[in-house]
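6 protein chains.
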Amino acid sequence: MIEGLNEYVQKSSTVWIREDGKDIKVKDWIIPVWEEQREDWDAVILGVPLSRSSISASAASEFPKAFRKAWELFTTYYFDEHVDFRDYKVGDLGDVKMHYTNILQCHDNIEHAMQHIQHNYPNSFYVSIGGDHSITAPLVRSIQSNNENKSIGIVQLDTHLDLRDLSQGPTNGTPIRQLVEGNVVKGENVYNIGLHGFYNAPSLIEAAHKHKVNMISLKQLRKKGIASVIHDVMEQLSNKVDIVYLTVDMDVLDITYAPGVPASTPGGMRTDELFDILFEMGKYPIVRAMDFVCIDPNRDNQVQSTVKATTYAFLTALASRYIHKMKK
Amino acid sequence: MIEGLNEYVQKSSTVWIREDGKDIKVKDWIIPVWEEQREDWDAVILGVPLSRSSISASAASEFPKAFRKAWELFTTYYFDEHVDFRDYKVGDLGDVKMHYTNILQCHDNIEHAMQHIQHNYPNSFYVSIGGDHSITAPLVRSIQSNNENKSIGIVQLDTHLDLRDLSQGPTNGTPIRQLVEGNVVKGENVYNIGLHGFYNAPSLIEAAHKHKVNMISLKQLRKKGIASVIHDVMEQLSNKVDIVYLTVDMDVLDITYAPGVPASTPGGMRTDELFDILFEMGKYPIVRAMDFVCIDPNRDNQVQSTVKATTYAFLTALASRYIHKMKK
Amino acid sequence: MIEGLNEYVQKSSTVWIREDGKDIKVKDWIIPVWEEQREDWDAVILGVPLSRSSISASAASEFPKAFRKAWELFTTYYFDEHVDFRDYKVGDLGDVKMHYTNILQCHDNIEHAMQHIQHNYPNSFYVSIGGDHSITAPLVRSIQSNNENKSIGIVQLDTHLDLRDLSQGPTNGTPIRQLVEGNVVKGENVYNIGLHGFYNAPSLIEAAHKHKVNMISLKQLRKKGIASVIHDVMEQLSNKVDIVYLTVDMDVLDITYAPGVPASTPGGMRTDELFDILFEMGKYPIVRAMDFVCIDPNRDNQVQSTVKATTYAFLTALASRYIHKMKK
Amino acid sequence: MIEGLNEYVQKSSTVWIREDGKDIKVKDWIIPVWEEQREDWDAVILGVPLSRSSISASAASEFPKAFRKAWELFTTYYFDEHVDFRDYKVGDLGDVKMHYTNILQCHDNIEHAMQHIQHNYPNSFYVSIGGDHSITAPLVRSIQSNNENKSIGIVQLDTHLDLRDLSQGPTNGTPIRQLVEGNVVKGENVYNIGLHGFYNAPSLIEAAHKHKVNMISLKQLRKKGIASVIHDVMEQLSNKVDIVYLTVDMDVLDITYAPGVPASTPGGMRTDELFDILFEMGKYPIVRAMDFVCIDPNRDNQVQSTVKATTYAFLTALASRYIHKMKK
Amino acid sequence: MIEGLNEYVQKSSTVWIREDGKDIKVKDWIIPVWEEQREDWDAVILGVPLSRSSISASAASEFPKAFRKAWELFTTYYFDEHVDFRDYKVGDLGDVKMHYTNILQCHDNIEHAMQHIQHNYPNSFYVSIGGDHSITAPLVRSIQSNNENKSIGIVQLDTHLDLRDLSQGPTNGTPIRQLVEGNVVKGENVYNIGLHGFYNAPSLIEAAHKHKVNMISLKQLRKKGIASVIHDVMEQLSNKVDIVYLTVDMDVLDITYAPGVPASTPGGMRTDELFDILFEMGKYPIVRAMDFVCIDPNRDNQVQSTVKATTYAFLTALASRYIHKMKK
Amino acid sequence: MIEGLNEYVQKSSTVWIREDGKDIKVKDWIIPVWEEQREDWDAVILGVPLSRSSISASAASEFPKAFRKAWELFTTYYFDEHVDFRDYKVGDLGDVKMHYTNILQCHDNIEHAMQHIQHNYPNSFYVSIGGDHSITAPLVRSIQSNNENKSIGIVQLDTHLDLRDLSQGPTNGTPIRQLVEGNVVKGENVYNIGLHGFYNAPSLIEAAHKHKVNMISLKQLRKKGIASVIHDVMEQLSNKVDIVYLTVDMDVLDITYAPGVPASTPGGMRTDELFDILFEMGKYPIVRAMDFVCIDPNRDNQVQSTVKATTYAFLTALASRYIHKMKK
């Protein structure tokens, strides 16, 4: 800054400032990969701003921007576990480039981007920020093709099965169908947790049964307990697959807690339950990638509670991974 | 449609379309009684768009319209119990005609309409969709007069006793007082569940004691458990009455879960608790009629969570009845 | 309805009811073409629910539904001109079928649908209800291909030139570029009215100059007067083309008057000015088709002022056509 | 207050405090009539919190409260005319008592209240604050019955004619019909200003013609000029009647300026036009009473622009009366 | 009121009316101390409308007004415990006078006001209604200086530690730091309950450890149970201090339950948990003062759920004190 | 970016990207002064995020951030005048550092910052972005002290006089009083344009008269015409002073056009009028500095129309200066 002016003026707020010193905010902790060259990122984050593939109109494409803006509200100290996880290194990869009208090309770009990312950061944890749920298919395909001789399982937190047929192309209603019928993931290696209510048509239930997708309702989850269910699911998966992909469709949450998700419903999960699930999942290094999808920040309430809840969930997942990595 | 055009154009969305095929939405499942003649409807639904009888200003009269519109968001498959209840036959009776300024005539219309409905569909389950809580008095009166030698009990889910005196005529604050003092229902056969907080004045408590209305607070419900409380209440009622009427004032819900109910308050019930109660109630065929009242869709939040929660509650009640009917 | 019940109950409100008698609402005046067979509709209305082609996220695809719902608020009597235009016959064609992910097929469907419509109703006035502005290109193409030896001009009410290049495919930013470069319409036969402010990049201005698109700013319109400008534009067009297509991008309106249009801006047109323009345009039978695009009802304010303003504009255009047809 | 405490603590804000000193707010200027006994109030204000008589659901009954609350935002100095009108004495009469369910009794109470008010304050200007438009009929009836040998005319600012038939009782759609058919006011002595658009059904236009109600459209008003139109109307009325009643249905305003009026529409009046009309009307002492109706504060936007605009209009009317009284 | 008018007209609603008779609302139960002279108020309430000391922009200064307005929605009967607590005498002291720009003087005024209040009402329970959390420091200082030889402990319900350093002066982030470093309260006598998530920077955790502030996370509270935790905390405090001050930063609540608190977050407490805590706290007469801070009514949702929840919490605390006082 | 990845991934959106090429957005045109060293900025922009000095609670301190974010919506081509003003060089100085609780120090920081800025950029046009109106006093003081032998005049667009006394310190109601009584600017050299309605108390009018402040009402402005009034004002000022400071309190706008300004009112200016005034002002190089104050983005409507209107006004002012500079 200009001589003498520094005392009274500071850089404007749209500029990315990394504060040094004792306390840092999440915005200072997550570093763009083009600013700090390193290959050993513990986790890398990829924005996937695509939602014109959503069945109903959605501005989930605006979420990566809203998500990054929310970083300024959070610190790197996780009170519940009394741990500062700033030493967990997280790089921001930027956003996948999207075409305005060619949706298939968008999906290709996602797949190629994840391919390059895996090559560049072979040991990182991959976090993708949607966008709508259609992005999960190319992301998982990319991970499969990069791990040719390995098998992949999916833990899906969702109110819906996402097993629609492909007659209308790949949408936010089809990713699991695409992966199962495309032989990328076996149906029996998919665990859908959080199903409830009146939102899955009989034909989708049939498809789930046909493909042997595992369905765990929210009621079952509550009855048996989160820690127990996650333990069982991950035990089973560990015996069957080499890699687990965790996909979080935020419509798994109750509409009261997640008004900003177009498909959220009454009767859904509470945020504290979601946070507990993500903490439990952090115990398993076999989980190699994760996404959060279907948050439309334009639809969120004025205080942006859905955007903030997603950020909280994201941090819980990373903090847990850090804690369990440190324990070893 | 016009020759050649059908391939590219479909009927506009305001028109009632019944889709055939495997998956149906609730909007396709509930059939206007003037479109399909049958006497054996399992349930019939009556819109009761009256709210100028509400003490405070309310647009609950707009709820039947909002409720029907929400039907397109729900399927007939109830995941929690793994059952498709489409074979439960539900007819839509339309709306009671209302007068703009003569509120007593509105109440008479409601009573007469229910009289005709009972004659036409003597074995159906009667579901009335308010409107405000004043509609419950004529509805119960009508059922009593149609069942001269039988006694009626009421299960009331409500934050309020609705035992106000009649000095201001029949409002949403008076239905239970009207029924008890009108000797339609004995106070001891009324079970009010969900009371809490600072919303019932001492004079109403006195009236409840005088008439021996049974009061079960939300705290008691939570302490004892929903299944247990409902079991006890229904056991007692089964020994005392021939018919049970279930009235759901949606202000029983916490304001966070039901912002669209003008009188909803902090400290109220969660939606999952309401759904559980309605599922339990579905076990008892003695329950012959049900209403949902006091939802103002104009006051609801942008994502219409209260409208959706009421629809969810309604479907839970019907699905449960279907399940327990099938079990026999 | 059921015997005896009719006195107290009426059909529910989601059902399409055509009231007979002296006063009719617009909802009763516009008749689905599958309900009343006739070839001599004065005007036919086509819903075009496509907005995944929009550059920024938009739910303009929801507008045809919101538009039809608003019909219940308007009568067929136009007070300003003291005329009841119910004898102007208007048919509702329904909505163009859309594919969820193949945007080009959506555009093809629009083009084919309009082709069939012109064949079936060769003398009608064609009104298309968007959707986003990308729909104008296939609509105009279809009209051109149906009128091989005739030339078409465009009157465009818009804050933007919509002359973006096609590198991202056909979006709501490209329709005029597509039509001009596709030799469907000559640039000199395009009159863009309402331009202002800081919303058109220099490259688009260059493109406009290159193609000789006529640009009339909002300031010029106000200075010269609406009647005078429209008269001049239509005089010029009448000398150059056989058919005029009128496209109304509602973002021409000031953001205060049209909060429901994602791209509306400060400094735009007032609604009374828009209504005056549409009244003037009604004098010219050479105008054979019209569209309204880019209204996102989910983004509109709580009182839906943008949806209502569009309906008002639409009715003004039709009433004016009726008046001027009657004058002959 | 308590000794020593006064220095640090002031009375809480819900308590009515009249500040003395140079500058006063409108809340300090308008004085409850039970606090200051005087018979020579220049104007008296009566709250009329009735809206269950509204055809569509409305909380206009909440407006008197919202209106009084807005008084704290305004001073008694009218900048446009450089005048402090605090010497114009205005008394607050409180609110008419309403019955919850007997709407006819509510109308009777209004009529009786105005009767007593005229007896007590025979020379004041009567300002009634609705409530919906149904209140105008009993108010004008009361004035007629108190002025037996005099004739009354009405200036009505409204988008609607309010000439509906009485088959549904007295609603906000019927007051002019009631007064004209009840021989309280001759149709030819009613001047409706501000009509426009598509909101009056042909049968109402017929009724207006039959009763010779004068209709001045918004377009005519703008073309001829406000001062000129008001001058002509008042000249005509002065030759025909002894007393003029001014009724302002705030739905005369454009929906952009008055989102809080359930029936406001696009194409309506701007607030500055309304203020000019009210200023002009202040020149005529023959205007003996005025009302403002149909403002629903619950429906207003977050910044309460409709409530504030009504208060501004009210003050303009009173300031103008003061100015023109002082000029004599 | 005027002769004859009383039958039809009642005092307007902005005027403070104390209704007599059987049922009273909280607004009638809490009495301004300048209206009823007594020294034995069980509790006195002080408005503290200061929020320009808030780090982020806040209109918490508007809360005392919104809080008093909400009193009309509550009765004095607490259903959960079946008790009418109207005999608990509560006086409204009005609001502390604030300076527009001198924040330190505002804090001085708060301290002096509380000093005078303690002198005048030495045996009352002191309830302060913020305002932001900066008000707690002068309030506790004032209580300490009035109880020279006694020691004070604090129970703090909060998502944050409020232990920021004073480099930016006394803000809503510093009160506990001020009190601990100012030797007003020992760190070990502060019990912060409800901490969770990612909202306390490491430097604040360090400060807490250094000063031995007791930190009880929301997870610990839930695991151990509210009654048990409060019992333990109060047992410990009873052995260490003479007076306990209870400060409730409403940001301890989940953002879903308290959208009107600028710093509320996901992962926070539910309202029913807060109410339970306050009920438990009512058992301990050693608690001599309480405050509620950081509620911004302008930021609250349309149905004002945060304002209502705070009022519910406040009443629960007072009702509990009454019940436990009566038990003795 | 990483090898191979660039094809599919772009930098994330929170990062400041300056696009090169033909079309630039305002965000690319305005350059942080710490990124491009130059002394000949045509204009420099200073964020002044202070609003705890506002009389009523305001988040105007958040406006600089919202303002910069809006830059991405505007290009550098001004259609109304057919000019691309990208060659007008504009530097972003960042934001003045503020203290959380010492408001006087905040005002000192503003004054010192502007002092340094004038020294560094002696020939630039100074644009300050508030914050509330209290910032104008230190800004003008700083300009005066830097131009010791020159006299300053003020053109103030405002609904209020801002001549309150200093008993409550320097607030958004006092800047003109401070400057006039501090002998920084003579009252006769202040021209307040846009006054109207009931918002200035008599004592302020008296102060204006005493200090000979020039008051031009909105009605006078409209009657005489904007170009004519601005011409007259600037002619007079040119004869009396050396430097003119233009201060735009956005509350001069009608509440319909500027809902995001806490003090905006009905009866105010339209945005097109404001834009015309700013265009006229651009003709006078004697205007050396400008500010925009009192916009609270948290209070703005969902589509941020007030934030966008301020940006439009700002660009109009700069474009006009560029045009008139080029003409010479």
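Protein sequences appear in the order of chains A, B, C, D, E and F. Okay, so the first sequence: first residue is 1 according to my numbering, each after it adds one. Okay, so the second sequence: first residue is 1001 according to my numbering, each after it adds one. Okay, so the third sequence: first residue is 2001 according to my numbering, each after it adds one. Okay, so the fourth sequence: first residue is 3001 according to my numbering, each after it adds one. Okay, so the fifth sequence: first residue is 4001 according to my numbering, each after it adds one. Okay, so the sixth sequence: first residue is 5001 according to my numbering, each after it adds one. Every residue, glycine too, gets a C-beta built ideally from N, C-alpha and C. Given the structure is predicted, the values throughout are model-derived calculations rather than measurements.
Bounding residues of the beta strand (DSSP E) (the contiguous stretch that carries residue i)
i: B:TYR1312; result: It is not in any beta strand (DSSP E) - B:TYR1312 instead sits in the alpha helix (DSSP H) that spans 1305-1327.
i: E:PHE4085; result: From DSSP, E:PHE4085 is part of no beta strand (DSSP E); its letter is neither H nor E.
i: E:LEU4161; result: No beta strand (DSSP E) contains E:LEU4161, which DSSP labels as neither H nor E.
i: B:VAL1128; result: Per the sequence shown, the amino acid found at residue 1128 of chain B is Ser instead of Val. Start and end: 1125-1130.
Contact set for residue i: own chain, Cβ-Cβ below 8 Å, skip 5 residues either direction
i: F:VAL5015; result: Here the model assigns F:VAL5015 a pLDDT of 40, short of 50, so the residue's position is not dependable, and the following value carries that caveat. Excluding positions up to five away in sequence, the list is empty.
Residue burial classification, residue i (beta-carbon count within 10 angstroms, cutoff 16)
i: B:LYS1210; result: exposed
i: C:ILE2045; result: buried
i: D:LYS3027; result: buried
i: F:ALA5258; result: buried
i: E:ALA4208; result: buried
i: B:ASP1040; result: exposed
i: E:MET4234; result: buried
Where residue i falls: helix, strand or coil (DSSP)
i: C:VAL2009; result: strand
i: F:ASN5189; result: helix
i: B:ALA1070; result: helix
i: D:THR3136; result: helix
i: E:ILE4216; result: strand
i: B:ASP1291; result: strand
i: A:LYS223; result: helix
i: A:ASP23; result: coil
i: B:ARG1018; result: Residue placement at B:ARG1018 is flagged as unreliable, the pLDDT there being 42, under the threshold of 50; the coordinate-derived value follows with that caveat. The answer is coil: DSSP assigns B:ARG1018 none of H, G, I, E or B.
i: E:LEU4195; result: strand
i: C:GLN2156; result: strand
i: D:ILE3030; result: coil
i: C:LEU2050; result: coil
Close-in-space but distant-in-sequence residues of the same chain around residue i (CB under 6 Å, 5 per side omitted)
i: D:ASN3214; result: TYR3191
Start-to-end residues for the alpha helix (DSSP H) that takes in residue i
i: C:ILE2205; result: 2202-2211
- Could you pull out every unbroken alpha helix (DSSP H) segment of at least 4 residues lying fully inside the stretch 5226-5286 of chain F, listed in chain order? Here the runs fully enclosed are 5226-5240 and 5271-5281.
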